[in-house]
Amino acid sequence: MRDFADVEGSQILREEYDKGLEFLKGKNKDYKKATTCFRKAAVAGNPLASYRFAICLSLGLGGKKPDDQRAIGWLLKAVDAEVAEAVREYALCLINGFVVRQDTVKGLEYLNKAIELGSSQAKVDLADYYISLNESGNTVDTDKVEELLSTALKEGNAKAANLLGVINGKGMLGFTENADKAFEYFKQAGELGLDKAFFNVAYMLDEKYKANPTEELVPQIISYYEKAKSSGFLAAYQELIFIYCDQIYGLCDNVKAKMLFVFTVLSARKHLTFHRLLIILTKTMLWNTQWLSLQLLQIPLQLNTSHLTVLVLLQKALWLKVKMF
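The sequence shown stops at residue 380 when you use my numbering, and every number in between is there.
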């Protein structure tokens with residue numbers, strides 16, 4: 056990969072790139088400013104910035120609509136400079152036929168190249184590809200999958216730990232189903248920074264509690280759901296709402312449940328699907344209907360939909376509640 060020293064005006068390029076990273080990942084996140092910094096550095100010839108700018112364009116982080124066509128152009132500049140993560144992203148585009156014409160063979164070549172360039176995530180992606188092949192009934196080299204994930208895990212890749220948890224938990228690829236191993240892998244994934252992996256830990260403890268109710272498990276379950284919630288994982292919010300309003304563990308707390316409900320709706324915005332919202336509503340109709348209706352009036356502002364749609368949704372939730380009981 057080309058280094059900063061190979062680029063004219065490397066100090067300026069480094070400063071703009073570093074500023075972009077700070078706006079992207081720092082405490083005071085500002086995606087629009089991050090995109091601007093990456094664009095300046097990319098235009099000046101910084102290959103790492105080209106990759107970051109491509110991602111910003113694809114996700115629409117600069118305050119504009121996603122622009123995949125521009126994004127692929129900048130991504131290819133980073134690919135030509137052998138930026139490992141750019142090569143990985145391009146490989147996935149080829150494998151999935153995203154923006155570019157699908158070419159699985161070529162995509163796998165690029166994915167292996169990304170691994171050679173040092174991308175730990177490319178190992179996880181390749182393992183995931185083999186798993187999907189196996190799920191479709193194809194024979195795959197299970198030892199190769201295990202090697203890819205184990206190596207990525209040694210490099211500190213949280214997603215590798217999470218995938219190993221899934222494999223062991225479901226007994227995939229011919230592995231013997233091992234809940235204890237899965238639990239440890241999920242826990243490790245969470246400790247490595249993948250907060251949503253804690254949801255899997257909480258879920259497994261939840262299942263254990265249902266099979267054999269033990270009071271000592273309750274605070275652990277809630278703690279792990281809370282950790283998953285910290286990453287904005289909506290399913291964790293949903294489970295906590297159910298816990299506090301359904302008296303699953305004898306912890307009925309409508310105040311906490313209501314706060315979680317409001318936060319979920321107001322923070323999720325367009326990412327909160329009507330299906331998930333309907334599930335939450337159905338489970339929470341035991342609350343004061345007038346209060347809940349007032350909260351629902353705020354939803355259209357966040358989900359870009361009409362009050363009529365929300366009222367229909369509420370009607371469906373009421374109907375399901377009646378049907379359930």
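We treat Cβ as the ideally placed atom computed from N, Cα and C, and that holds for glycine.
No experiment lies behind these values; they were computed from the predicted model shown.
inquiry  = Restricting to Cα atoms, I'd like to know which of E271, N189 and L203 is closest to A215.
reply    = Walking along the sequence shown from the start, residue 215 turns up at place 160. The shortest C-alpha separation from A215 is found at L203.
key: Nearest-angstrom Cα separation, counted from K95 out to T197   = As a first step, residue 197 is located in the sequence shown; it is residue number 142 there, counting from the start. As a first step, residue 95 is located in the sequence shown; it is residue number 40 there, counting from the start. Rounded to the nearest whole angstrom, the CA to CA distance from T197 to K95 is 45 Å.
message = Comparing C-alpha positions only, which one of T206, P121 and Y145 sits nearest to Y106?
response = Translated into the one-based positions of the sequence shown, residue 106 becomes position 51. Nearest of T206, P121 and Y145 to Y106, Cα basis: Y145.
request  = Could you tell me whether the Cβ atoms of A182 and A169 are closer together than 7 Å?
outcome  = Here residue 182 corresponds to residue number 127 of the sequence shown, with the count starting at 1. Here residue 169 corresponds to residue number 114 of the sequence shown, with the count starting at 1. Taking 7 Å as the cut-off, the Cβ atoms of A182 and A169 do not count as close.
Nonlocal neighbours in the same chain, by C-beta distance under 8 Å from S174, ignoring five residues either side = Taking the sequence shown and counting its residues from 1, one reaches residue 174 at position 119. Excluding residues within five positions, the ones whose Cβ falls inside 8 Å are A139, E140, V142 and R143.
Expected contact under 8 Å - CB spacing of Y86 and L79 to nearest Å = Position 31 of the sequence shown, counting from 1, holds the residue named residue 86. Position 24 of the sequence shown, counting from 1, holds the residue named residue 79. Contact flag correct, Cβ pair sits at about 7 Å.
query = For R156, does the three-state DSSP call read helix, strand or coil?
reply = The residue labelled residue 156 in the question sits at position 101 within the sequence shown. When secondary structure is reduced to three states using DSSP, R156 falls in the coil class, being assigned neither helix nor strand.
4 or more residues per run - each alpha helix (DSSP H) lying fully within the stretch 169–208 = The stretch 169–208 contains, as complete alpha helix (DSSP H) runs of 4+ residues, the segments 175–190 (chain order).
key: Separation of A207 from Y264, as counted between CA atoms   = In the sequence shown, counting from the first residue as 1, residue 264 sits at position 209. In the sequence shown, counting from the first residue as 1, residue 207 sits at position 152. For the pair Y264 and A207, the Cα-to-Cα distance works out to about 32 Å.
message = Rounded to the nearest angstrom, what separates N217 and A99 at their Cα positions?
response = Here residue 217 is taken as the residue at index 162 of the sequence shown, counted from 1. Here residue 99 is taken as the residue at index 44 of the sequence shown, counted from 1. Roughly 38 Å separates the two Cα atoms.
Alpha carbon of G117 to alpha carbon of V134, nearest angstrom = Mapped onto the sequence shown, residue 117 falls at position 62. Mapped onto the sequence shown, residue 134 falls at position 79. Going from the Cα of G117 to the Cα of V134 covers about 22 Å.
request  = Determine the DSSP secondary structure at A99, reduced to helix, strand or coil.
outcome  = Counting from 1 along the sequence shown, the entry for residue 99 is found at position 44. Coil.
request  = Within the same chain, show all residues whose beta-carbon is closer than 8 Å to that of L114, passing over the 5 residues directly before and after it, in chain order.
outcome  = As a first step, residue 114 must be located in the sequence shown, where it is residue number 59. Once the five neighbours on either side are set aside, the close Cβ partners of L114 are P121.
ask   = Just curious, the alpha helix (DSSP H) that V274 is in, first and last residue?
value = Translated into the one-based positions of the sequence shown, residue 274 becomes position 219. Residue 274 is actually Pro in this sequence, not Val. Its alpha helix (DSSP H) spans residues L272 to K284.
7 Å Cβ cutoff met for C92 and G75 = For the purposes of this step, residue 92 is taken as the residue at position 37 of the sequence shown. For the purposes of this step, residue 75 is taken as the residue at position 20 of the sequence shown. Yes, the pair counts as a contact, with Cβ atoms nearer than the cut-off.
message = DSSP three-state label for A139, please.
response = Here residue 139 refers to the residue found at position 84 of the sequence shown. A139 sits in a helix when the DSSP states are folded into three classes.
ask   = Pick from V179, T231 and P274: whose alpha carbon is nearest that of K199?
value = Locating residue 199 in the sequence shown gives position 144, where the first residue counts as 1. Distance from the Cα of K199 is smallest, within the candidate group V179, T231 and P274, for V179.
query = How would you label D235, buried or exposed, when you count the other beta carbons within 10 angstroms and need 16 or more for buried?
reply = Residue numbering aside, residue 235 sits at position 180 when the sequence shown is read from its first letter. It counts as exposed.
key: F230 - containing alpha helix (DSSP H), residue span   = Against the sequence shown, residue 230 aligns to sequence position 175. According to the DSSP assignment, F230 belongs to no alpha helix (DSSP H), since it is labelled neither H nor E.
Of the listed residues E137, E190, A97 and N212, nearest to A252 (C-alpha basis) = Within the sequence shown, numbered from 1, the residue matching residue 252 stands at position 197. Of the candidates E137, E190, A97 and N212, the one whose C-alpha sits nearest the C-alpha of A252 is N212.
query = Which of helix, strand or coil does DSSP assign to T91?
reply = On the sequence shown, position 36 is the one that residue 91 refers to. It is helical.
inquiry  = Just to check my reading of the structure: L260 and Q275 have Cβ atoms closer than 8 Å, yes? What is that Cβ distance to the nearest angstrom?
reply    = Counting from 1 along the sequence shown, the entry for residue 260 is found at position 205. Counting from 1 along the sequence shown, the entry for residue 275 is found at position 220. Yes, L260 and Q275 are in contact; Cβ-Cβ is about 6 Å, under 8 Å.
Whole-angstrom distance between L228 and F297, CA atom to CA atom = Residue mapping note: residue 297 aligns to position 242 of the sequence shown, counting from 1. Residue mapping note: residue 228 aligns to position 173 of the sequence shown, counting from 1. Between F297 and L228, the C-alpha separation is close to 34 Å.
ask   = In terms of residues, what are the limits of the alpha helix (DSSP H) holding L260?
value = The residue labelled residue 260 in the question sits at position 205 within the sequence shown. Annotation: the continuous alpha helix (DSSP H) that includes L260 extends over A252 to A266.
query = Is it true that the CB of A244 sits closer than 7 Å to the CB of N223?
reply = Residue 223 sits at position 168 when you count from the first residue of the sequence shown. Residue 244 sits at position 189 when you count from the first residue of the sequence shown. Taking 7 Å as the cut-off, the Cβ atoms of N223 and A244 do not count as close.
task = Count the other C-beta atoms from every protein chain shown that fall within 10 angstroms of the C-beta of V160, then say buried if there are 16 or more, exposed otherwise.
result = The residue you call residue 160 lines up with position 105 of the sequence shown. Exposed is the call here.
request  = Go ahead and pull the three-state DSSP assignment for L247.
outcome  = One-based indexing of the sequence shown puts residue 247 at position 192. In the displayed model, L247 falls within coil according to three-state DSSP, outside both helix and strand.
request  = Taking the CB atoms as reference points, tell me whether A126 and L112 lie closer together than 7 Å.
outcome  = The count along the sequence shown starts at 1 and reaches residue 126 at position 71. The count along the sequence shown starts at 1 and reaches residue 112 at position 57. The beta carbons of A126 and L112 sit closer together than 7 Å.
request  = Could you tell me the boundaries of the alpha helix (DSSP H) in which K214 lies?
outcome  = By one-based count along the sequence shown, residue 214 stands at place 159. Looking at the DSSP string, the run of the alpha helix (DSSP H) that includes K214 is A213 to K225.
query = Helix, strand or coil: which one does DSSP assign to F288?
reply = Locating residue 288 in the sequence shown gives position 233, where the first residue counts as 1. Looking at F288 - three-state DSSP - the assignment turns out to be coil, as it is neither helix nor strand.
ask   = Mind checking A266: buried by the 16 CB within 10 Å criterion, or exposed?
value = Within the sequence shown, numbered from 1, the residue matching residue 266 stands at position 211. A266 should be labelled exposed.
inquiry  = Checking 7 Å against the spacing of the C-beta atoms, do Y240 and A257 come in under that value?
reply    = As a position in the sequence shown, residue 240 is number 185, starting the count at 1. As a position in the sequence shown, residue 257 is number 202, starting the count at 1. Cβ distance not < 7 Å, so Y240 and A257 don't count as in contact.
message = As a quick exercise: from L147, V154 and A290, pick the residue whose alpha carbon is nearest that of G128.
response = Taking the sequence shown and counting its residues from 1, one reaches residue 128 at position 73. Restricting attention to L147, V154 and A290, the CA atom closest to the CA of G128 is found in V154.
key: Euclidean distance between Cα positions of V195 and I277   = Translated into positions along the sequence shown, residue 195 becomes position 140. Translated into positions along the sequence shown, residue 277 becomes position 222. One alpha carbon belongs to V195, the other to I277, and they sit about 38 Å apart.
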